[in-house]
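**Q** Under our numbering, think of the first position of the sequence shown as 758, with each following residue one higher. Where a beta carbon is used, it is the ideal one built from N, C-alpha and C, also for glycine.
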Amino acid sequence: VFMIRIGILGYGNLGRGVEYAVEANEDMELVAVFTRRAPASVKPRTNVPVVAADKAAEWKDKVDVLILCGGSATDLPKQTPEFAKLFNVVDSFDTHANIPAHFAAVDAAAKAAGHVGVISVGWDPGLFSLARVYGNAVLTGGTDYTFWGRGVSQGHSDAIRRVPGVKDAKQYTVPVPAALEAVRSGANPTLSTREKHTRECYVVLEEGADAAAVEKAIVTMPNYFSDYDTTVHFISEEELQRDHAGLPHAGFVVRSGATGKGGEHKHVIEFNLKLDSNPEFTACVLAAYARAAHRLASEGAKGCKTVLDIAPAYLSAKSGEELRKALL
Ligand code: NDP
């Protein structure tokens, strides 16, 4: 069996998830983990070499696809164009507003080197983006809705941790059930930010911190919380570790529209996910797109792609013939 040789760059939540995902795909093998930290300090779960990221060029001919597992805020904007010079790459860049600029940077680097770079792979952006494009193309003139949760938002949890007096925190984004029901009914409601999601915060205070002041600082925080109905629960460190250690997430993409005389026939398309582990699931999507990147590169493709540019059959280990028989 021909194996796709995978490398992981960055061994955090997502990197650990990719290690599992590669094991779950029979046509892939993990050949190296690259890290910016001292290699000896990084301990993968399996027996795979850990290599300093600045030595990656030595692995140029030993890795078919490098899966980038760094953070979107500062790691990927630098790393994806840089490593596209050496390898075919896949990343999960999720800062939606900056995707066009990231695409341009990766496209230039990948084209110059003759590689394929697939960016913004995961569930949102990723599978949710596909659902939105299918919905838009089919139900023209309809309305799009995306709900996130119930699940942990890392960005919002980090924002709470920066509030003075906070020792640790987890933030859950929660869709408002009545809003979701209205959307699913095909009623095409107009919904404000506050009407779509609520935010639940579980906060461990530092000793002697003023709970009322912390709560006020959280619920009035611009961009993150002030436009939402936010509840703050103060809990102990033990409770946070016992009840809020995981990284679950979920979400719903809905497109509703109407056809026929005067729009008499309503249609609703829904795609939803419920994930026990956001990073492990995201890693599974990355693995499937790593296969696509490898195939595209083998066909001579060059430059940057997103999930919107890649035909679904490229994701599957099955042949076209098998897919037509089993899944069409
Ligand atoms: P982490 O914070 O766990 O890891 C990011 C990087 O931090 C690692 O790759 C690692 O790189 C570095 N790092 C430094 N110190 C440590 C340490 N002590 N332990 C672990 N890692 C360390 O982020 P996640 O893996 O949770 O998420 C990465 C990105 O994935 C997010 O920024 C998010 O944007 C994206 N994402 C996208 C999704 C989508 O649907 N598109 C869904 C979920 C996430 P190094 O080894 O080089 O030090």
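Can you give me the start and stop residues for the alpha helix (DSSP H) that H859 sits inside?
**A** Start and end: 856 to 870.
**Q** Is N770 a contact residue of ligand 1, with contact defined as CB to any heavy atom under 7 Å?
**A** Answer for N770: yes, Cβ within range of ligand 1.
**Q** Given a threshold of 16 other Cβ atoms within 10 Å of its Cβ, counted over all protein chains shown, does D984 qualify as buried or as exposed?
**A** Exposed, since its Cβ has fewer than 16 Cβ neighbours within 10 Å.
**Q** Rank L787, A809, E786 by C-alpha distance to the C-alpha of A797 and give the top, closest one.
**A** Residue A809 is the option with its Cα nearest to A797.
**Q** What separation, rounded to the nearest whole angstrom, lies between the Cα atoms of G827 and G769?
**A** G827 and G769: Cα-Cα distance of roughly 8 Å.
**Q** With a threshold of 8 Å, are at least 3 pairs of Cβ atoms found where one atom belongs to the region 1035 to 1045 and the other to the region 774 to 787?
**A** Counting Cβ pairs under 8 Å, three or more are found: they touch.
**Q** Of the residues I1026, A1068, G1060, R1081, which one's Cα is nearest the Cα of F844?
**A** Ranking I1026, A1068, G1060, R1081 by Cα distance to F844 puts G1060 first.
**Q** Starting from E786, follow its DSSP beta bridges and name the residues at the other end.
**A** DSSP lists R762 as partners of E786.
**Q** From A916 to N893, what distance separates their C-alpha atoms?
**A** Straight-line Cα distance between these residues: approximately 34 Å.
**Q** Rounded to a whole number of angstroms, what is the C-alpha to C-alpha distance between E1056 and L962?
**A** Each residue's alpha carbon lies about 56 Å from the other.
**Q** Tell me, please, which residues DSSP counts as bridged to H1024.
**A** DSSP, once it has assigned bridges, lists G1014 as partnering H1024.
**Q** Let me know if K927 comes out buried or exposed under the rule of 16 or more other beta-carbons within 10 Å of its beta-carbon.
**A** Classification of K927: buried, given that the 10 Å Cβ count is 16 or more.
**Q** Determine whether the beta carbon atoms of A1015 and V873 lie at a separation below 8 Å.
**A** Cβ atoms of A1015 and V873: not closer than 8 Å.
**Q** Give me whichever residues DSSP pairs with D986 in a beta bridge.
**A** The partner list for D986 (beta bridge, DSSP) reads T955.
**Q** Is P1036 near ligand 1, in the sense that its beta carbon is under 7 Å from a heavy atom of that ligand?
**A** Within the cutoff, so yes.
**Q** May I ask you to report which of helix, strand or coil DSSP gives C1061?
**A** Residue state, collapsed to three classes: strand.
**Q** For the beta strand (DSSP E) holding L823, just list the boundary residues, first then last.
**A** Note, L823: beta strand (DSSP E), 822 to 825.
**Q** Do you know whose CA, among H853, A1050, L1084, lies nearest V1090's CA?
**A** This structure cannot settle anything about residue 1090, because the visible part of the chain is limited to 758 through 1085.
**Q** According to the neighbour-count rule (16 or more other Cβ atoms, all chains shown, within 10 Å of its Cβ), is D1000 buried or exposed?
**A** Counting Cβ neighbours within 10 Å, D1000 comes out exposed, since fewer than 16 surround it.
**Q** Expressed to the nearest angstrom, what Euclidean distance is found between the alpha-carbon atoms of P932 and A814?
**A** Cα to Cα, P932 sits roughly 45 Å from A814.
**Q** Would T1099 pass as a contact of C958 if the rule is Cβ separation under 8 Å?
**A** This structure cannot settle anything about residue 1099, because the visible part of the chain is limited to 758 through 1085.
**Q** Quick one: what's got a C-beta closer than 6 Å to V805's C-beta in the same chain, skipping five residues either side?
**A** The answer, listed in chain order, is L787, V790.
**Q** May I have a chain-ordered list of the beta strand (DSSP E) segments no shorter than 3 residues that lie completely inside the region 901 to 929?
**A** For the region 901 to 929, not a single whole beta strand (DSSP E) run of length 3 or above is found.
**Q** To which residues of the same chain is P838 closer than 6 Å at the C-beta, ignoring the five residues directly before and after it?
**A** Within the same chain, P838 has close Cβ partners A862, V863, A866.
**Q** Which residues in the same chain have their Cβ closer than 7 Å to the Cβ of E972, if we skip the five residues on either side of it in sequence?
**A** Hits under 7 Å: V989.
**Q** Please specify which runs of the alpha helix (DSSP H), each continuous and at least 4 residues long, are wholly inside the region 792 to 845, giving them in chain order.
**A** The qualifying runs are 832 to 840.
**Q** What I want to know is whether the C-beta of S993 ends up closer than 7 Å to one or more non-hydrogen atoms of ligand 1.
**A** It does not: the Cβ of S993 is nowhere closer than 7 Å to a heavy atom of ligand 1.
**Q** Under 7 Å Cβ to Cβ from L896, same chain only, skipping five residues before and after it: list those, please.
**A** Cβ neighbours of L896 beyond the five flanking positions: R1012, G1014, H1024, I1026.
**Q** Spell out the partners DSSP gives H1006 in its beta bridges.
**A** According to DSSP, H1006 bridges with L1032.
**Q** If you draw a straight line from the alpha carbon of L1030 to that of V920, how long is it in whole angstroms?
**A** The alpha-carbon atoms of L1030 and V920 are separated by roughly 31 Å.
**Q** Shortest alpha-carbon distance to S877 belongs to which of D1066, K842, H913?
**A** Comparing Cα-Cα distances from S877 to each of D1066, K842, H913, the minimum goes to D1066.
**Q** Regarding S914 and ligand 1, is the C-beta to nearest heavy atom distance less than 7 Å?
**A** No - ligand 1 has no heavy atom lying nearer than 7 Å to the Cβ of S914.
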